[in-house]
Amino acid sequence: LLPPFMQRYPQLQVELTLDDRVLDVVAAGFDISLRIRRRLPDSSLSARALGDVHQRICAAPGYLAQHGVPQTPNELQRHSCLAYSLAEKPGQW
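Take a look at the structure:
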């Protein structure tokens, strides 16, 4: 998204900040914010969907050798999971 935007508007200066913090983007002085969310917590902001985010379930070969390969989604309940802690529903498979 960024390179075509910068080519179209070369007079703009772009400062890219990558951060996981939950913050007030207006109070922080941002003009635009890209977020991976289903809905905005603040109704004074406007949003537009840019695309989908697909999640994958991955495991190291050593983990699968030790704990077995799950054959059904229900079997995931007995497995360890590293999940993104700032997700809307952390820990949800």
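Numbering-wise (this note's numbering), the sequence shown opens with residue 14 and increments by one.
Ideal placement from N, C-alpha and C gives every residue a C-beta, glycine not left out.
Which of the three DSSP states is assigned to residue i in this structure?
| i | result |
| --- | --- |
| F43 | coil |
| P17 | helix |
| G108 | Any answer about residue 108 is impossible in this case: the structure gives the chain only from 14 up to 106. |
| L89 | helix |
Starting from residue i and walking both ways along the alpha helix (DSSP H), at which residues does that stretch end?
| i | result |
| --- | --- |
| P83 | That residue, P83, is in no alpha helix (DSSP H); it is neither H nor E in DSSP. |
Could you pull out every residue in the same chain whose Cβ sits closer than 7 angstroms to the Cβ of residue i, ignoring the five residues on either side in sequence?
| i | result |
| --- | --- |
| V38 | S46 |
| H80 | H92 |
Spatial neighbours of residue i within its chain, please: CB distance less than 6 angstroms, with the 5 preceding and 5 following residues excluded, ordered by chain position.
| i | result |
| --- | --- |
| A60 | L53 |
| H67 | none |
| L14 | none |
Apart from the five residues on each side of it in sequence, which residues of its chain come closer than 8 angstroms, Cβ to Cβ, to residue i?
| i | result |
| --- | --- |
| R34 | none |
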